[in-house]
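Asker:
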Amino acid sequence: MSVDTFAVSKASPVAGQTTRSTLDAVTDTVVRIMCESAGPLRRVSVSYDTDGARVEVDLDPGPAAPHGQPTESPGTAPTGPTGPTADPAGAHQVITSPMVGVVYLAPEPNADTFVAVDSEVQAGQQLCVVEAMKLMNAVRAEQAGTVVDVLVNDGAAVEYGQPLFTIDVA
Amino acid sequence: MSVDTFAVSKASPVAGQTTRSTLDAVTDTVVRIMCESAGPLRRVSVSYDTDGARVEVDLDPGPAAPHGQPTESPGTAPTGPTGPTADPAGAHQVITSPMVGVVYLAPEPNADTFVAVDSEVQAGQQLCVVEAMKLMNAVRAEQAGTVVDVLVNDGAAVEYGQPLFTIDVA
Amino acid sequence: MFEKILIANRGEIALRVARTCRELGIRTVGVHSTADADADFVRFADESVCIGPPPPKASYLNMAAVLQAAAQTNADAIHPGYGFLSEDADFAEACRADGVGFIGPSPELMKQIADKAVARARMAEAGLPMLPGSVSELATEDDVRRAAGRTGYPLIIKATAGGGGRGMRVVHEAGELLDAYWQNRANARRLFGHDGVYLERFLTGPRHVEVQVLADHHGNTVHLGERDCSVQRRHQKLIEETPASGLSAGLRDRMTAAAVAGARHIGYQGAGTFEFLVDDRHEFYFMEINCRIQVEHPVTEAVTGIDLIREQILVAAGQPLSLRQQDIHNRGAAIEIRVQTEDPAHDFRPTAGRLDRFAVPGGPFTRVDTATRAGASVPPFYDSLLAKLIVWAPDRAQALARADRALSEFDIHGENLSSTVDFTRTVLADPDFRNGRHDTGLVGRLTENQGESDGHR
Amino acid sequence: MFEKILIANRGEIALRVARTCRELGIRTVGVHSTADADADFVRFADESVCIGPPPPKASYLNMAAVLQAAAQTNADAIHPGYGFLSEDADFAEACRADGVGFIGPSPELMKQIADKAVARARMAEAGLPMLPGSVSELATEDDVRRAAGRTGYPLIIKATAGGGGRGMRVVHEAGELLDAYWQNRANARRLFGHDGVYLERFLTGPRHVEVQVLADHHGNTVHLGERDCSVQRRHQKLIEETPASGLSAGLRDRMTAAAVAGARHIGYQGAGTFEFLVDDRHEFYFMEINCRIQVEHPVTEAVTGIDLIREQILVAAGQPLSLRQQDIHNRGAAIEIRVQTEDPAHDFRPTAGRLDRFAVPGGPFTRVDTATRAGASVPPFYDSLLAKLIVWAPDRAQALARADRALSEFDIHGENLSSTVDFTRTVLADPDFRNGRHDTGLVGRLTENQGESDGHR
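Protein chains in written order, with numbering that gives the first Met the number 0: chain R, 0 to 169; chain Y, 0 to 169; chain B, 0 to 456; chain U, 0 to 456.
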């Protein structure tokens, strides 16, 4: 199970005497607890208090982060980055590639791109094209918002689930 | 590195909804942190807060628990149970076997044992014999005290470092 | 020679193929679903491409995604492993259309082999012994009755598009015949999209013995000996070994010669397996051809010293076989034990979850193929093969002792996870198995006994 | 046959021996120091006894403790592995006195072999070629000058009780001779408690080639081919292979015949190794006999299919060899890479500590012998051998490619821990090594180059 959908931040300052192995141990601990958990986690806190060293790791999963047993039925939404995922840092949506292929940011060579940073987009508006096996697949915004970041270059080969755009839907 | 010399107590009540995997994860976490630590630990606290479940594990190592890099020189005292070791629960000394062999609690068959539970012993007093390769090796008390427990039967085969007696030296 | 191979599979076989590629100096592309993003087989590949979500249809069976991944990584060829797209003639055809090599036979050959009625007819032409039955599809009730007249009872009705133990039904008496026929056609349509069925005599307690062949594009065909795969649960193999115990040298020679003759007759290319049933009178009958690498190929590698994946790749690249039949000497005995994350106490129900502990055996003449490690998860979407243990010894008795020693070294533990390790040790200890007198009913008898003894407790 | 064997060793060889014991149905006793209480080799044994604290003299070299452990566990025999007590004639004699079997030659034979001057004299009697030099110990300065007159320069002075690269000194000119003689005697007395020395011609850039023999108590002696062990650091082997590359068939035949003749001449029993040097004119010279299983025995197992530990045990139990020379067929090429927890950048300084990560290779024709796992510690008290990788292939080129592939799979990580994995990949890639033109100076040249290129950075 991937933990990519969690934001991991080292909240407190790290004391000078803390060794690298201590940090690794605590980080591993948090990752393991997340893996063991059957349900979504609100917060995991691990304190490690010796020789004055103290490390805290805070976890704050985004509101829509999927976590739990992936479903086996092909019809329903599977685990992992399919379509938009919420960015835990704010009301950001990441638009990911629905398939492996080549992404085109403009409808044809030398034409204007579908969108750019700061573009206002409507729900359903086309953002780019992903070409796979000579078929052109339109990728559209799910919600209205503002393009915050374009994460790929025109003509780039992308994997399934690869982030393409960040959209502020606040 | 062994963690046997730590007393592990589950200090707080365990909430009803806490699953076994949660408990295991936290226990493993504590064990791993102890293993990773280069020096003695005063306290490790791991909180795991989801669905209202909360588990705390407190560690209280004994005052003389050995922990750290074993020495490489054959002349000095090596890691592990050689001779008396302190019991973290009180002023108890555990007398261990100095060699692999057969332990005899009495000087000859049908004679009285050297000592028994509640015997008062002086420093240097013989407690038993360990026979190895037909040589009789006397095992003696290091400090004065009272025999609290005899941990082996007469004629038992013992390993190097195996506990033989517990002595209250308070 | 290929410079880059895309491996369209997952788990141990994906790693197995990648290992040989690396030894040949060929770069590899690992494709994977999101469930396998952190898997060892992905890490080992030189490049990786995520091709879809966990369900196989959306990823490992997704032809367009696999071909697109091959195109954008400039792979010269695709190795399909076993399962998934490995026996899909349409996929082989799409590879050809896309200009990427498919490591396997031609699509035309794959189509013939996939249709069991056609395969049977071609093998009958080549003189291979057939179980009495219908060679072609049974179109009418009259056809069914006529064929049953030739076979007698019990007989078995099979879907021509079936395989892997699915789409088969045993008929014990004439009264059940027509009902079974119509039900099997309906099942076959539902399962395979094609309702063709045929029937043949049903053997009670047969041995499953198969012959490995290798053929190049220059007319050279050799065999690498046989494998006994009679230890099966739910019609799926659990333990395989070579040589097959209890076969006379004469029978072995006739079977290997039949496989080579069959392969030559249809112009087979690449690594292929001819499956036979052997009855208690030591007669053998052709069953089917598998036109891919088999899960159990390592036992053949252990006794011949030949890396079968290497030969597959070299043949697909157009090279002539470097081996002649007289260069191939099978030495000693090898046995493969599949370690499945299945629960033998509950009809080998698959289990999934995180592996808290995972340690594998090592040491003399002991091979383990796995693509997992402690801390990894067994996803619920795929086949439950966790690891393969292969041991070799100068003779079968020593190989069995070695296999049991090695099994004792497995340390597999995870909440909700079961494994077949202990059950396979029970099989190794079974007197019939030790004496080589077992048949395909062995696992069923052992699990029934287990159920009974559980009941008495 | 033995019912219970005590294994007086630790680490991979203790586990190696225990695996074969389990396959033979023999129970095992694992003895260990307190530093190894949780080690895998202890867990695998049927019983275990802690025999002392970590320093070897107090535990693994503690004869009384080992014998006492054997007595109180009712072990029939002791397998000494390699190192520790394995070549100690006094220990073999104590075993005999105590009525417990010692899996190795008789103490009388071990004494002859341990004294290099005696061993050389006996082998010269048997007709084995010797480097020009003194056959017996050099008692006086006159002896020294006379022997040096026969050998010329450079020559090497060696302690008769030495071994493992200790107690040797190269002399390049006559002016250094007598100083070196007296210094070496003083060193030998300090190191081995015996100041006997001899001298012989020193070969610049020789190959180290050894022959494996097996002999029973019934007069049967066979050889299992040779091993090249020329890749050494600090006079300790790092990579071993069979067949030795670049030996003509005639030379190989003469060397194996010499080893068998030597073994027969002294009535050798058990598994033994005859070490030779081969010079650049393809002449070979007897060096010494190792009367124990060697670290590198698995390469011989890989090409012959013979479990050498099994043969050792059967011979020690008095059984006649089941193998005749004509039954032994060496097939293909095998190479062993030792994985040491040493730092190649600092003259292979041993390192110790906890293994945070430890994953080993697997797959086709790949064997790993190790007795550790992730989370375990490498204690600082013992030899720094962490794991042995052994691969087999039909020829040397494929074996080298396979070895490199397998080495790429090791994942070894621990604070303060170094490993030789990457360095040995550099050796495998070296043109001289690939062409089989290397000699015992290879590692030195590669580490010098490394130092230089480091310096330029």
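Note that CB positions come from ideal geometry on N, CA and C, so glycine has one too. In this text the structure is predicted, and so the values were computed from the model without any measurement.
Check R:Q121 in the structure and name its three-state DSSP category.
Answerer: Three-state DSSP puts R:Q121 in coil, outside helix and strand.
Asker: Mind the definition here: the segment 178-189 of chain B touches the segment 244-251 of chain B only if three or more C-beta pairs lie below 8 Å; say whether that holds.
Answerer: Because the criterion of three Cβ pairs below 8 Å is not met, the segment 178-189 of chain B and the segment 244-251 of chain B do not touch.
Asker: Using the C-alpha atoms, what's the distance from Y:V168 back to Y:D172?
Answerer: Absent from the model: residue 172 of chain Y. The displayed extent of chain Y is 0 to 169, so no value can be given.
Asker: Is the beta carbon of B:L384 less than 8 Å from the beta carbon of B:Q339?
Answerer: A contact, by the Cβ cut-off of 8 Å.
Asker: Going by other Cβ atoms of all chains shown within 10 Å of its Cβ, with 16 needed for buried, is B:S229 buried or exposed?
Answerer: Looking at its Cβ environment, which holds 16 or more other Cβ atoms inside 10 Å, B:S229 is buried.
Asker: Compare the C-beta of B:E341 with all C-beta atoms of chain U and state if any pair is closer than 8 Å.
Answerer: Not an interface residue.
Asker: Put R:G144 into one of helix, strand or coil per three-state DSSP.
Answerer: Residue state, collapsed to three classes: strand.
Asker: Are three or more beta carbon pairs between the segment 152-159 of chain R and the segment 135-143 of chain R nearer than 8 Å?
Answerer: No contact exists between the segment 152-159 of chain R and the segment 135-143 of chain R.
Asker: For a contact defined as C-beta to C-beta under 8 Å, what are the partners of Y:G100 on chain U?
Answerer: Near Y:G100 (Cβ distances below 8 Å), the residues of chain U are Q67, Q71.
Asker: Does any heavy atom of the ligand SAH sit closer than 7 Å to the C-beta of B:K115?
Answerer: Ligands in the displayed structure: none, and consequently the ligand SAH is not present.
Asker: Give me whichever residues DSSP pairs with U:T272 in a beta bridge.
Answerer: Beta-bridge pairing links U:T272 to U:Q211, U:N289.
Asker: Of the residues U:G269, U:T19, U:V277, which one's Cα is nearest the Cα of U:M129?
Answerer: Among U:G269, U:T19, U:V277, the Cα nearest to that of U:M129 is on U:V277.
Asker: Under three-state DSSP, which class holds U:D431?
Answerer: Of the three classes helix, strand and coil, the one that applies to U:D431 here is helix, per DSSP.
Asker: How is U:Q231 classed by DSSP in three states: helix, strand or coil?
Answerer: In the structure shown, U:Q231 sits in a strand (DSSP, three-state: E or B).
Asker: Please name the residue, chosen from B:N73, B:A116, B:A118, B:L60, that lies closest to B:F90 on a Cα-to-Cα basis.
Answerer: Ranking B:N73, B:A116, B:A118, B:L60 by Cα distance to B:F90 puts B:L60 first.
Asker: Would you call U:A147 buried or exposed, if buried means 16 or more other Cβ atoms sit within 10 Å of its Cβ?
Answerer: The residue is buried, with at least 16 neighbouring Cβ atoms inside 10 Å.
Asker: For a contact meaning CB atoms closer than 7 Å, what does B:A63 contact in chain R?
Answerer: Within chain R, the residues near B:A63 are A131, M132.
Asker: What residue does the alpha helix (DSSP H) around U:N161 start on, and which one ends it?
Answerer: Inspection of the sequence shows that residue 161 of chain U is occupied by Gly rather than by Asn. Not the alpha helix (DSSP H): U:G161 falls in the beta strand (DSSP E), residues 154-162.
Asker: Rounded to a whole number of angstroms, what is the C-alpha to C-alpha distance between B:G174 and B:Y152?
Answerer: Looking at the two C-alpha atoms, the distance is approximately 11 Å.
Asker: Determine, using beta carbons only, whether B:T419 comes closer than 8 Å to chain U.
Answerer: No, because no Cβ of chain U sits closer than 8 Å to the Cβ of B:T419.
Asker: Roughly how far, in whole angstroms, is the beta-carbon of U:I389 from the beta-carbon of U:A301, given that I think they are within contact range, below 8 Å?
Answerer: U:I389 to U:A301, Cβ: 6 Å. Contact.
Asker: Nearest to U:F288 by alpha carbon, out of U:A257, U:D306, U:I305, U:I312?
Answerer: Checking the sequence, you will find Ile at residue 288 of chain U rather than Phe. Comparing Cα positions, the closest option is U:A257.
Asker: Taking only beta-carbon atoms, is R:G154 less than 8 Å away from chain B?
Answerer: Chain B, which has no Cβ nearer than 8 Å to the Cβ of R:G154, makes this no.
Asker: What residues from the segment 356-369 of chain U come within 8 Å of chain B, judged by C-beta to C-beta, listed N to C?
Answerer: For the segment 356-369 of chain U, which is checked against every Cβ of chain B, the residues closer than 8 Å are A358, V359, G361, G362, P363, F364, T365, R366, V367, D368, T369.
Asker: Mark U:R356 as exposed unless 16 or more other C-beta atoms lie within 10 angstroms of its C-beta, in which case mark it buried.
Answerer: The residue is exposed, with fewer than 16 neighbouring Cβ atoms inside 10 Å.
Asker: For a cutoff of 8 Å on Cβ pairs, would you count B:L49 as touching chain R?
Answerer: The question names Leu, but residue 49 of chain B is Cys in the sequence shown. So, interface residue.
Asker: How would you call R:K133, buried or exposed, if buried means at least 16 neighbouring beta carbons within 10 angstroms?
Answerer: Exposed: under 16 other Cβ atoms inside 10 Å.
Asker: Would DSSP call B:N186 helix, strand or coil?
Answerer: Here B:N186 sits in helix by DSSP.
Asker: Under 7 Å, CB to CB, which of the residues in the segment 156-168 of chain Y have a partner in chain U?
Answerer: Result list: A156, E158, Y159, G160.
Asker: Looking at U:K110 and U:T159, is the spacing between their C-beta atoms short of 8 Å?
Answerer: Not in contact: U:T159 and U:K110 (Cβ atoms no closer than 8 Å).
Asker: Answer yes or no: does any C-beta atom of chain R fall closer than 8 Å to that of B:I255?
Answerer: The amino acid occupying residue 255 of chain B in the given sequence is Thr; Ile does not appear at that position. With 8 Å as the cut-off, B:T255 does not count as an interface residue toward chain R.
Asker: In three-state terms, what does DSSP make of U:T303?
Answerer: Looking at U:T303 - three-state DSSP - the assignment turns out to be helix.
Asker: Decide if B:P360 is buried, meaning its Cβ has at least 16 other Cβ atoms within 10 Å, or exposed.
Answerer: The residue is buried, with at least 16 neighbouring Cβ atoms inside 10 Å.
Asker: DSSP three-state call for B:L177: helix, strand or coil?
Answerer: Three-state DSSP puts B:L177 in a helix.
Asker: On a Cα-Cα basis, can you pick out the residue from U:V134, U:R323, U:V212 that is closest to U:P104?
Answerer: That would be U:V212, whose Cα lies nearest to the Cα of U:P104.
Asker: Quick check on the DSSP output: what are the complete alpha helix (DSSP H) runs of length 4 or more inside the segment 328-367 of chain B, in order along the chain?
Answerer: If we require 4 residues or more, the segment 328-367 of chain B turns out to have no alpha helix (DSSP H) run fully inside it.
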